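Chemist: Sharing a structure here in structure tokens format.
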Amino acid sequence: MSSVQSKPRALSIGPIDLDVPVVLAPMAGITNTAFRRLCREYGAGLYVSEMITTRALVERNAVTMRLIQHHESETPRSIQLYGVDPKYTGEAARIIAEEGHADHIDLNFGCPVPKVTRKGGGSALPWKLGLFREIVEAAVKNAGDLPVTVKMRKGIDKDHLTYLDAGKVAEDAGVAAVALHARTAAEFYSGTADWSAIATLKETVTSIPVLGNGDIWSADDAVRMMSETGCDGVVVGRGCLGRPWLFGELARAFGAEAPTVDATLGFVAEGFRRHAELLVEFYEDEERGCRDIRKHVAWYFKGYPVGGDLRSSLAVASSLVEIDDLLAQLDHSAPYPGAAAEGQRGRSGHPKRPALPQGWLDSREMAEDATCELQEAELDTSGG
13 MSSVQSKPRA
23 LSIGPIDLDV
33 PVVLAPMAGI
43 TNTAFRRLCR
53 EYGAGLYVSE
63 MITTRALVER
73 NAVTMRLIQH
83 HESETPRSIQ
93 LYGVDPKYTG
103 EAARIIAEEG
113 HADHIDLNFG
123 CPVPKVTRKG
133 GGSALPWKLG
143 LFREIVEAAV
153 KNAGDLPVTV
163 KMRKGIDKDH
173 LTYLDAGKVA
183 EDAGVAAVAL
193 HARTAAEFYS
203 GTADWSAIAT
213 LKETVTSIPV
223 LGNGDIWSAD
233 DAVRMMSETG
243 CDGVVVGRGC
253 LGRPWLFGEL
263 ARAFGAEAPT
273 VDATLGFVAE
283 GFRRHAELLV
293 EFYEDEERGC
303 RDIRKHVAWY
313 FKGYPVGGDL
323 RSSLAVASSL
333 VEIDDLLAQL
343 DHSAPYPGAA
353 AEGQRGRSGH
363 PKRPALPQGW
373 LDSREMAEDA
383 TCELQEAELD
393 TSGG
């Protein structure tokens, strides 16, 4: 059972007032309109888009322009930008603000994917503090009245931490909040998040909200993180995979109203079916929507009595009718399995030496000849 606070706990990010201090973390291939709508149906918070590359937005790439669209039910609307160039970042922020694509812009400096950090992007970029400052300032300047926030990691590795310097720079640049995934790029998604770093950042950045991210698998974890670190809110990523109703549990834990969930197998099946339906609507293509839900099968039915053959069949279903027929074979009365359905989900991996450009760690200033290589880092859109 989740911990419940006696008084509602709210969060303000610039002019945006949230009933609960909860943010959905951007996840590539996950947090599209369909998933955001589903999470919103269960709870409250700020639901952020998949990461959008600034260059693709400025060049009005067709796929990118589709990804930044929000359903009319989504409010407030939030877009996360990933950029390595101040000019493109500023222009992307201006487009979002002037054309009314969103109410909030988040900047991603947390991506640990080797093909991004190898070019100096993602979680490697804050090491070049001057460039980091220019990118953040460009976004804030061009976003107009829209609040801009920053999401980052602790640093490249334990010997090259950047989060405290970056937090202060972001605060001075006028961002509305900073969020810390309490791991380094070297840790990827492995081990245990270092919540003490969130507390240290909170002590360092004092004029704006500090949000914590990492190892929030339950509402209890979220309450405990805020209690232990003093952070102003939580960012939830992998913990909601296959459990979009976690946002309802989080809302109740922070004193807001949300329906109580009895997560029987039937309840989970209904959530899975609703997710598939929303994906079909989003893609405007039934086969593509049903293909996209396949990666969610293991997450939704983790710990439940769903046989391997049925799981395999769900993972190749190509129509909603086929999905309905398969779900009808489940024992919908099967109760919530407890610990078997809880805990870590999604990617984890092992610590690894970060891939970086040659000589990247030699100086915290950008070398002129490194700029072109850095641009190539925008070719990936993984989250962090």
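Positions in the sequence shown are counted from 1; adding 12 to them yields my numbering. By construction, the Cβ of each residue, glycine as well, lies at the ideal position given by its N, Cα and C atoms. Quick caveat: nothing in here was measured; it's all calculated off a predicted structure.
Do G95 and A109 have their C-beta atoms within less than 9 Å of each other?
Modeler: No, these two residues do not count as a Cβ contact at 9 Å.
Chemist: Which residue or residues does DSSP assign as beta-bridge partners of G358?
Modeler: Answer is none; G358 lacks a bridge partner.
Chemist: Exposed or buried, which one is H362 when buried takes at least 16 other CB atoms within 10 Å?
Modeler: With fewer than 16 Cβ atoms within 10 Å of its Cβ, H362 is classed as exposed.
Chemist: Give a yes or no on contact between the stretch 267–285 and the stretch 76–91, applying the rule of three or more CB pairs nearer than 8 Å.
Modeler: No, the stretch 267–285 is not in contact with the stretch 76–91.
Chemist: Does the count of Cβ pairs from the stretch 142–149 and the stretch 193–207 closer than 8 Å reach three?
Modeler: The stretch 142–149 vs the stretch 193–207: no contact.
Chemist: Mind checking whether K214 and T174 have CB atoms under 9 Å apart?
Modeler: Going by C-beta atoms, K214 is not nearer than 9 Å to T174.
Chemist: Grab the span of the beta strand (DSSP E) containing K163 for me, first residue to last.
Modeler: First-last of the beta strand (DSSP E) with K163: 160–165.
Chemist: Going by beta-carbon coordinates alone, are A189 and G245 separated by less than 9 Å?
Modeler: Yes.
Chemist: For E62, count neighbouring C-beta atoms within 10 Å of its own C-beta (all shown protein chains included) and say buried if the count is 16 or more, exposed if not.
Modeler: That one is buried.
Chemist: Quick check on the DSSP output: the beta strand (DSSP E) that includes N120 runs from which residue to which?
Modeler: N120 -> beta strand (DSSP E) spans 116–121.
Chemist: Is it buried or exposed for E199, if we count other Cβ within 10 angstroms and need 16 for buried?
Modeler: Classification for E199: buried.
Chemist: Reducing DSSP to helix, strand and coil, say where D157 ends up.
Modeler: In this structure, D157 counts as coil in the three-state DSSP scheme.
Chemist: Can you grab the Cα-Cα spacing for the pair L93 / L119, in whole Å?
Modeler: Whole-angstrom Cα-Cα distance: 5 Å.
Chemist: Just to confirm my understanding: we take G355, look at its own chain, exclude 5 residues before and 5 after, and list those with CB closer than 8 Å. What are they?
Modeler: Excluding positions up to five away in sequence, the list reads W229.
Chemist: Should the stretch 263–283 be regarded as contacting the stretch 54–69, the criterion being three or more beta carbon pairs within less than 8 Å?
Modeler: Judged by Cβ distances under 8 Å, the stretch 263–283 makes contact with the stretch 54–69, as three or more pairs qualify.
Chemist: Pick from K153, K180, R323: whose alpha carbon is nearest that of S219?
Modeler: Of the candidates K153, K180, R323, the one whose C-alpha sits nearest the C-alpha of S219 is K180.
Chemist: Does the separation of the CB atoms of L30 and A22 fall below 9 Å?
Modeler: Yes, they are a contact pair.
Chemist: So, helix, strand or coil for S18, using DSSP?
Modeler: Reliability fails at S18, whose pLDDT of 47 lies under 50, so the model's placement of it is uncertain and no value is given.
Chemist: Indicate the three-state DSSP secondary structure (helix, strand or coil) for V187 in the structure shown.
Modeler: Reduced to three states, the DSSP call for V187 is coil.
Chemist: Which value, in whole angstroms, describes the spacing of the CA atoms of P126 and A234?
Modeler: The alpha-carbon atoms of P126 and A234 are separated by roughly 29 Å.
Chemist: Relative to the C-alpha of K250, which residue among A275, C243, A205 is closest?
Modeler: Residue identity differs from the one stated: residue 250 is Arg in this sequence, not Lys. Comparing Cα positions, the closest option is A205.
Chemist: Does the Cβ of V160 have 16 or more other Cβ atoms within 10 Å, making it buried, or fewer, making it exposed?
Modeler: With 16 or more other Cβ atoms within 10 Å, it is buried.
Chemist: Nearest CA to the CA of V309: which residue from E299, A288, Y295?
Modeler: Out of E299, A288, Y295, A288 has the C-alpha closest to the C-alpha of V309.
Chemist: What's the gap between the Cα of D343 and the Cα of G315?
Modeler: Spanning the two alpha carbons is a distance of roughly 14 Å.
Chemist: What's the call for E261, buried or exposed, on a 16-neighbour Cβ count within 10 Å?
Modeler: Flag for E261 reads buried.
Chemist: Would R357 pass as a contact of L253 if the rule is Cβ separation under 9 Å?
Modeler: Taking 9 Å as the Cβ cut-off, R357 and L253 qualify as a contacting pair.
Chemist: Give me the Cβ distance between N44 and F294, rounded to the nearest whole Å; I'm assuming they're in contact under 8 Å.
Modeler: With a Cβ gap of about 6 Å, N44 and F294 count as contacting.
Chemist: Among residues of its own chain, excluding the 5 on either side of G203, which ones have a beta-carbon nearer than 8 Å to its beta-carbon?
Modeler: Same-chain partners within the cutoff: R195, P363.
Chemist: Excluding five sequence neighbours on each side, which residues of the same chain lie with their C-beta closer than 7 Å to the C-beta of G142?
Modeler: Answer for G142: E377, M378, listed in chain order.
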